[in-house]
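Here the structure is laid out as C-alpha cells; the discussion comes afterwards.
2 protein chains.
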Amino acid sequence: MAVDTALLTLDPAEPELMVLQVRRADAGWGLPGTFLHPGERLADAVERSLQDKADVRGLRPRQLHVYDDPGRDSRGWALSVAHVEVVPIRRLDSRRPGQTRLVAVARPGRLRYGHAEIIARAVEHVRDRYAEQPDPGHLLGRQFTLGELHRVHQAVAGRPLQRDGFRRLMKPLLRPTGHLVTRTGGRPAELFRRT
Amino acid sequence: MAVDTALLTLDPAEPELMVLQVRRADAGWGLPGTFLHPGERLADAVERSLQDKADVRGLRPRQLHVYDDPGRDSRGWALSVAHVEVVPIRRLDSRRPGQTRLVAVARPGRLRYGHAEIIARAVEHVRDRYAEQPDPGHLLGRQFTLGELHRVHQAVAGRPLQRDGFRRLMKPLLRPTGHLVTRTGGRPAELFRRT
DNA sequence: TGAATAGTGTCTCTGAGACATTATTTA
DNA sequence: TAAATAATGTCTCAGAGACACTATTCA
Numbered sequence: 127m128a129v130d131t132a133l134l135t136l137d138p139a140e141p142e143l144m145v146l147q148v149r150r151a152d153a154g155w156g157l158p159g160t161f162l163h164p165g166e167r168l169a170d171a172v173e174r175s176l177q178d179k180a181d182v183r184g185l186r187p188r189q190l191h192v193y194d195d196p197g198r199d200s201r202g203w204a205l206s207v208a209h210v211e212v213v214p215i216r217r218l219d220s221r222r223p224g225q226t227r228l229v230a231v232a233r234p235g236r237l238r239y240g241h242a243e244i245i246a247r248a249v250e251h252v253r254d255r256y257a258e259q260p261d262p263g264h265l266l267g268r269q270f271t272l273g274e275l276h277r278v279h280q281a282v283a284g285r286p287l288q289r290d291g292f293r294r295l296m297k298p299l300l301r302p303t304g305h306l307v308t309r310t311g312g313r314p315a316e317l318f319r320r321t
Numbered sequence: 127m128a129v130d131t132a133l134l135t136l137d138p139a140e141p142e143l144m145v146l147q148v149r150r151a152d153a154g155w156g157l158p159g160t161f162l163h164p165g166e167r168l169a170d171a172v173e174r175s176l177q178d179k180a181d182v183r184g185l186r187p188r189q190l191h192v193y194d195d196p197g198r199d200s201r202g203w204a205l206s207v208a209h210v211e212v213v214p215i216r217r218l219d220s221r222r223p224g225q226t227r228l229v230a231v232a233r234p235g236r237l238r239y240g241h242a243e244i245i246a247r248a249v250e251h252v253r254d255r256y257a258e259q260p261d262p263g264h265l266l267g268r269q270f271t272l273g274e275l276h277r278v279h280q281a282v283a284g285r286p287l288q289r290d291g292f293r294r295l296m297k298p299l300l301r302p303t304g305h306l307v308t309r310t311g312g313r314p315a316e317l318f319r320r321t
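Sequences listed follow chains D and E, in order. Oh and the first sequence: position 77 is 203 in my numbering, straight run, nothing missing. Oh and the second sequence: position 122 is 248 in my numbering, straight run, nothing missing.
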C-alpha cells in the first residue's frame, strides 16, 4: 500500500500551475510517494514523504483516487492512493536541489506508474475548488487585493478569467479589511481577507 | 485492505433510496464487503463480495473514499476503500432472505466501522450524478416516459423536483423513440431512450 | 363530464458575458 | 498629462422558478 502526491504550486515568474517531482531510485522523475507503515494514516504517510523529499510540513492532503492496476508497478503488486495538495512556493524553498524539480503541469514529462494521470486528476480537482472559493490553497497570504487574487486564479485555471465577472463572484466571499494598499503604481486597491 | 460497498436501489412501493445491508459475523448489520485477494483489482473484489452476498453481477462500482482510521476496525488495522453502485431492485430478487435487508438511506440504523458515513457519502455522490444525467444508474429500463423518469429522480433526490423545469433539463439529454404509451390512465406519454 | 396524466407557453428573476466609464496613483 | 491599475455601471442573453393553459385518456 502506497501513497503518491501531486504537490502543486505557482511560480510568480511563470503564470502556470507547477507540480513537484522528485528523482527516483531508477533515475527517472516522478511524484513523491512512500509505502504505508503499519498502522499509519494516509495523511501521515503523505506528510512523511513530502517532509523527506521537499521539507514541507503542516499539509492537509486530499485523497483523489486509488490506483489498483496490477501491472502498474513492475516491482510487484502495490495499490497507491493518489493525493493532491496546494502550497505556496516559498514553502518549497528548502527542498533539495538536484533531487527535486518544478514542472508545468501541462508538460509533466514521461512519467511511469501512471503519475501523469494523477497530475491530470489533481489539476482538475484544484481547478474545481478554485472555481468556487477564493484561493482555498492559501497560495496568497492572509490579506490580498482582488487584483492579486485574480492573477492567482487565472494561473490556476490556466486561462484568462474575465475581470469584472471574477470580482462579482469573489467579492461576496471575502471580508474587507477597510485598508488600502498601493503596490503597483495605479489606483490603490482594497485589501481583503478570506472569511 | 478491504472494500465496502453501498449498493443503492429504489423500492417502487417506497419512494426513497434504499441501501443493501448484510448480516455480519458479529450478528449486526453492515455493508457488504470483503478483503482484497493478492493481485485482485478493487472492482473485482467489490463484484465478488456482492455476488457472494446478494447474487448481483455485472456492476461498475465507483470509488468513493479510502477510510484509514486505525481504530475503525477493532479486529486489527485495515484500510477500506468505500464504493457505491446503483442497481434496479429486480436484480436483487435472488438475494439471500434473512441474511440481507434493504433500509432507507435516511435511517441506516446503528452501524459499525463507519458504514453510516459511507452511506451518506454514497447518497451524495448518486444525487450529484442524477442531478446532471437522466437515470445514469439504469434504475429504469431502456425506454421510459418523462413522467417515470421524473418519479425516479424525485425518489433519488429525496425531495420534489419541479415538473416543467425537470422536463426542460432532461429532454435535450434524451432520444425520442417516436412511440407513445398509455400506462397510467391519462394522456399517452412519449417514450424516450438514453442517448 | 371530471379526474388524472402529459405536454407546452410565458412571465419574472437572477447570474454571467461583454463592454464602457470613472477613480486614483506613478512616471 | 499619459499610462497603469482599481472599481463600478449597464446592456443583453440564457437558464431556472413559478404559474397557467392545452391535450388526451379512462372511469
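Virtual Cβ for every residue (Gly too), placed ideally from N, Cα, C.
Identify the contact partners of residue i in chain E, using a Cβ-Cβ distance below 9 Å as the criterion.
{"i": "D/V207", "result": "V192, D194, L205 and V207"}
Note down, in chain order, every chain D residue with its Cβ under 7 Å from the Cβ of residue i.
{"i": "E/Q189", "result": "H191 and V192"}
Quick one: Cα of residue i to Cα of residue j, how far?
{"i": "E/A208", "j": "E/L157", "result": "10 Å"}
{"i": "E/Y239", "j": "E/R201", "result": "11 Å"}
{"i": "D/G224", "j": "D/A151", "result": "14 Å"}
{"i": "E/A153", "j": "E/I244", "result": "20 Å"}
{"i": "D/A248", "j": "E/D254", "result": "20 Å"}
{"i": "E/D181", "j": "E/R221", "result": "6 Å"}
{"i": "E/T160", "j": "E/R236", "result": "20 Å"}
{"i": "E/H276", "j": "E/L146", "result": "23 Å"}
{"i": "D/A257", "j": "D/D219", "result": "28 Å"}
{"i": "E/R198", "j": "D/D170", "result": "16 Å"}
{"i": "E/G311", "j": "E/L272", "result": "15 Å"}
{"i": "E/L162", "j": "D/V192", "result": "13 Å"}
{"i": "E/A242", "j": "E/R174", "result": "22 Å"}
Closer than 7 Å by beta-carbon distance: list the chain E residues that pair up with residue i, in chain order.
{"i": "D/L176", "result": "None at all; the shortest Cβ gap to chain E is about 17 Å."}
{"i": "D/L168", "result": "V192 and D194"}
{"i": "D/M127", "result": "M127 and L205"}
What do you reckon, are the CB atoms on residue i and residue j nearer than 8 Å?
{"i": "D/W203", "j": "E/P187", "result": "no"}
{"i": "E/D194", "j": "D/R183", "result": "no"}
{"i": "D/P314", "j": "D/T308", "result": "yes"}
{"i": "D/S206", "j": "D/V148", "result": "no"}
{"i": "E/L317", "j": "E/L306", "result": "yes"}
{"i": "D/L266", "j": "D/V278", "result": "yes"}
{"i": "D/H264", "j": "D/P214", "result": "yes"}
{"i": "E/D185", "j": "E/V210", "result": "Correcting the residue identity first, residue 185 of chain E is Leu in this sequence and not Asp. No, the Cβ-Cβ distance between E/L185 and E/V210 is not below 8 Å."}
{"i": "D/L359", "j": "D/V231", "result": "Beyond the ends of chain D as shown, which are 127 and 321, falls residue 359 of chain D; an answer cannot be given."}
{"i": "D/M144", "j": "D/V282", "result": "no"}
{"i": "E/R217", "j": "E/Q269", "result": "no"}
List, in chain order, every chain E residue whose beta-carbon is nearer than 8 Å to that of residue i.
{"i": "D/G165", "result": "P196 and W203"}
With a cut-off of 8 Å, do at least 3 Cβ pairs link the segment 211-228 of chain D to the segment 218-232 of chain E? no
Please identify, using Cβ separations under 9 Å, the residues of the segment 137-161 of chain E that lie next to chain D, in order along the chain. none
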